[in-house]
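To get my numbering, take the position in the sequence shown, counting from 1, and add 738.
For every residue, glycine included, the Cβ atom is placed at its ideal position computed from N, Cα and C.
The structure under discussion appears below in the form of structure tokens.
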Amino acid sequence: MKRPLIIAAGVLALGAAGILSMMAVSPISAQSASTQVATVETETFAIENMTCALCPVTVKKAMQGVDGVRSVDIDFDAKTATVAFDPALTNADTIAAASTNAGYPASLRG
739 MKRPLIIAAG VLALGAAGIL SMMAVSPISA QSASTQVATV ETETFAIENM TCALCPVTVK
799 KAMQGVDGVR SVDIDFDAKT ATVAFDPALT NADTIAAAST NAGYPASLRG
């Protein structure tokens, strides 16, 4: 009869210790996250050679493969890609080169 009681007490103690450790870590991690403000730039690229439904998928995959790219939005009808990226990690030329290397030359849209 004592064994289930001891096991239940142990589980309860471990659960309480886990909750306390999360509470102790949370303010520290929240503080460090708030001090790290990421800068995001957005550029729109004109994409040549997009003629079929698979083309935007290939362009998006190539651009998303660049370190620092946050999002890629392809407009097939306008033949453009709008890319949000961290300028500390990459730049527009590198993103355009990734698309060009995939077979779809890209240039900044003016």
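Asked, Found
"Would you mind sorting P794 into buried or exposed? The rule is 16 or more other CB atoms within 10 Å of its CB.", "buried"
"Given T820, which residues of its chain have a CB within under 7 Å of its CB, disregarding the five upstream and five downstream residues?", "T780, T782 and D811"
"Just how far apart, CA to CA, sit L846 and S837?", "12 Å"
"Is the beta carbon of E786 sitting closer than 8 Å to the one on P825?", "no"
"Note the first and the last residue of the continuous beta strand (DSSP E) segment covering T780.", "E779 to I785"
"Using a Cβ-Cβ cut-off of 8 Å (strictly less than) and excluding sequence neighbours within five positions of A784, which residues of its own chain qualify?", "K817, T818, A844, S845, L846 and R847"
"Near D805, what residues of its chain come up, given a Cβ to Cβ distance below 8 Å and the 5 sequence neighbours on each side ignored?", "L827 and T828"
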